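A.B. asks:
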Amino acid sequence: MLDLLTQSPHFYDYVTVAVLLLGLFNVFEILFLLYNKNMVERIEREKLALKRLASTALITSTAPAELLPGPAAEYEFAAYSEAIASVLDSFEGEIADRARALIGQLGIDDHYRRLARHRTWYKRGNAIDIMASFRLKASREFFLAVYRSEPVHDVKYRIIYGLSRLTREHADIRALAQMLSALPYLTPKYTEDIFYNIISALKAEGKEGEFGLFMKETLNDQSVQNLVKRDCINACFAATCEKGRGLLKEYYAAYPHEPEILIASIKALARIGDFSKMPEAMKNPDWRVRLAALKYAHLCCADLLPEIRAMLRDNSYHVRINAALALAKAGGAGRAALQAEAASEDKFASAAAAYALTQEPA
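Take the sequence shown: its position 298, counting from 1, is numbered 338 in my numbering, and each next residue is one higher.
Quick look at the structure:
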């Protein structure tokens with residue numbers, strides 16, 4: 041075939057036509073890309089304008105639905121949804137009530153409920169994410185119904201996240217824990233975020249004690265993984281659970297051979313100003329636990345200077361450095377101890393002390 045083409049008297053005509061067609065295709069492709077770029081930029085500008093309009097209407101008007109055009113295109117629904125979610129995160133009271141009412145008035149909730157049943161999984165997941173950002177109590181039963189029929193795990197993770205923001209009582213926490221246990225894998229960040237959402241939702245309802253009851257039940261529950269218990273405690277740290285002081289100490293005492301639970305407990309206790317476990321943690325055989333205690337030792341080290349100074353001779357390099365840094369943050373007494381150690385014959389202690397002395401005083 042190639043020989044026939046090359047020997048044909050019209051060979052150069054064929055080549056010319058092919059080059060012209062290729063050039064036309066390239067020109068068409070460039071024009072299409074420019075058109076698509078302009079379309080995307082126009083949609084983004086219109087979306088931003090709608091978001092600003094919706095936010096302004098919600099904050100300044102008592103009847104925002106009368107000032108806003110009804111959404112038709114998907115980007116319009118997205119713009120209104122982002123504006124409403126932002127207002128709900130930033131305001132309470134009358135403004136938040138208007139934002140929640142607008143969801144129904146503009147048909148946004150109905151739109152995303154339909155989209156949550158879409159045949160394409162990522163569209164279902166996106167709809168669930170947007171509905172979760174509204175934190176509407178009425179969405180809870182819908183989420184549960186969708187979860188029961190949802191075949192894709194990626195969407196199930198998003199449904200559980202949405203449900204965690206709608207927690208109302210102890211039974212809801214137990215139901216979420218069962219859903220989590222049915223998932224094929226869990227990352228620490230995801231699990232911690234779930235429990236943080238639960239605590240935040242319960243705090244908003246004045247029911248923080250419900251989460252304490254859940255943690256009390258799981259304290260000795262062998263069916264709950266220790267890593268999940270650790271994530272619960274980390275969520276307490278992130279949410280500053282003032283009422284969980286006693287329970288955090290119980291977890292610390294119940295798991296002396298679980299470094300990650302000990303570390304999480306130390307952090308959570310330090311966050312609420314309880315340093316009673318610091319001396320014990322500084323003597324723990326696991327260097328990670330000692331290190332975690334030293335991270336917060338400068339907040340309470342007036343009574344612990346001898347213990348911290350002794351840790352300048354620890355076997356772990358990380359512990360020695362952090363002990364020196366804790367002393368550097370301890371004021372005049374701590375820096376005096378560092379100066380003495382910098383001149384000591386112990387090369388590890390003197391090196392750590394010398395390094396800490398070069399740092400700026402706290």
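Where is the CB? At the ideal position from N, CA and C, for every residue including glycine.
Remember, predicted model here, so these are calculated numbers, not experimental data.
Taking the alpha-carbon positions, what's the Asp53 to Lys77 distance?
C.D. replies: Looking at the two C-alpha atoms, the distance is approximately 36 Å.
A.B. asks: Take Ala185 and list the residues in its own chain whose beta-carbon comes closer than 6 Å to its own, dropping the five residues that flank it on each side.
C.D. replies: Cβ neighbours of Ala185 beyond the five flanking positions: none.
A.B. asks: Below 8 Å between beta carbons: does that hold for Arg353 and Asp326?
C.D. replies: Contact: no.
A.B. asks: For Gly110, which residues in the same chain have their Cβ closer than 8 Å to its Cβ, ignoring the five residues on either side in sequence?
C.D. replies: Closer than 8 Å at Cβ, skipping near neighbours: Leu146 and Gly147.
A.B. asks: Going by C-alpha distance, which of Ala368, Ala350, Ala376 and Thr398 is nearest Ala389?
C.D. replies: Nearest option by C-alpha distance: Ala350.
A.B. asks: Rounded to whole angstroms, what's the CA-CA distance from Ala222 to Gln265? Just pull it up for me.
C.D. replies: Rounded to whole angstroms, Ala222 to Gln265 spans 13 Å at the Cα level.
A.B. asks: Look at the alpha carbon of Leu107 and the alpha carbon of Val329, and state the distance between them as a whole number of angstroms.
C.D. replies: Rounded to whole angstroms, Leu107 to Val329 spans 58 Å at the Cα level.
A.B. asks: Give a yes or no on whether the C-beta atoms belonging to Ile143 and Ile124 are separated by under 8 Å.
C.D. replies: Taking 8 Å as the Cβ cut-off, Ile143 and Ile124 qualify as a contacting pair.
A.B. asks: For Gln218, which three-state DSSP category applies?
C.D. replies: Correct three-state label for Gln218: helix.
A.B. asks: Using only alpha-carbon positions, find the residue among Ser101, Leu64 and Tyr115 that is nearest to Glu136.
C.D. replies: With the sequence shown as reference, residue 136 is identified as Ala, and Glu is not the correct amino acid for it. Ranking the options by Cα distance to Ala136, first place goes to Ser101.
A.B. asks: Which of helix, strand or coil does DSSP assign to Asp194?
C.D. replies: DSSP places Asp194 in helix when its eight states are reduced to three.
A.B. asks: Evaluate Asn324 with the Cβ neighbour count: other Cβ atoms within 10 Å of its Cβ, from every protein chain shown; 16 or more gives buried, anything less gives exposed.
C.D. replies: Result: buried.
A.B. asks: For a test of the three-state rule: what should DSSP assign to Ile240, helix, strand or coil?
C.D. replies: In the sequence as displayed, the identity of residue 240 is Ser instead of Ile. Three-state DSSP puts Ser240 in a helix.
A.B. asks: Can Leu345 and Ala377 be called in contact, C-beta distance under 8 Å?
C.D. replies: In contact: Leu345 and Ala377 (Cβ atoms closer than 8 Å).
A.B. asks: Taking the alpha carbon of Thr258 as the point to measure from, which residue in Tyr187, His210 and Glu181 has its own alpha carbon closest?
C.D. replies: Ranking Tyr187, His210 and Glu181 by Cα distance to Thr258 puts His210 first.
A.B. asks: What's the C-alpha gap between Leu216 and Glu298?
C.D. replies: If you take the alpha carbons of Leu216 and Glu298, they lie about 25 Å apart.
A.B. asks: What residues in its chain sit with their C-beta under 7 Å from that of Thr118, if we drop five residues either side in the sequence?
C.D. replies: Before going further, note that residue 118 is Ala rather than Thr in the sequence given. Cβ neighbours of Ala118 beyond the five flanking positions: Lys87.
A.B. asks: What does a CB cutoff of less than 7 Å around Gly165 pick up in its chain, not counting 5 residues either side in sequence?
C.D. replies: Asp194, Val195 and Arg198, listed in sequence order.
A.B. asks: Using only the alpha-carbon positions, how far apart do Tyr295 and Lys283 sit?
C.D. replies: About 20 Å.
A.B. asks: Thinking C-beta only, is Ala337 closer than 8 Å to Ile306?
C.D. replies: No; because the gap between Cβ atoms is not below 8 Å, this pair is not in contact.
A.B. asks: Give a yes or no on whether the C-beta atoms belonging to Gly202 and Ile234 are separated by under 8 Å.
C.D. replies: Not closer than 8 Å, so no.
A.B. asks: Do Gly252 and Leu287 have their C-beta atoms closer together than 8 Å?
C.D. replies: Yes, Cβ-Cβ distance for Gly252 and Leu287 is below 8 Å.
A.B. asks: Please classify Cys276: does DSSP put it in a helix, a strand, or coil?
C.D. replies: Note: Cys276 maps to helix in three-state DSSP.
A.B. asks: Tell me the rounded alpha-carbon separation between Thr96 and Pro104.
C.D. replies: Cα-Cα distance, rounded: 9 Å.
A.B. asks: Grouping DSSP H, G and I as helix and E and B as strand, with all else coil, what is Val127?
C.D. replies: Three-state result, Val127: helix.
A.B. asks: With respect to the alpha helix (DSSP H) encompassing Thr227, which residues constitute its N-terminal and C-terminal limits?
C.D. replies: Run containing Thr227: none; DSSP gives neither H nor E here.
A.B. asks: Among residues of its own chain, excluding the 5 on either side of Cys276, which ones have a beta-carbon nearer than 6 Å to its beta-carbon?
C.D. replies: Answer for Cys276: Gly284 and Ala308, listed in chain order.
A.B. asks: With DSSP collapsed to three states, give me the class of Leu309.
C.D. replies: Correct three-state label for Leu309: helix.
A.B. asks: Which whole-angstrom value is the C-beta distance of Ser189 and Leu206, which I expect to be below 8 Å?
C.D. replies: So it is not a contact: roughly 19 Å between Cβ atoms.
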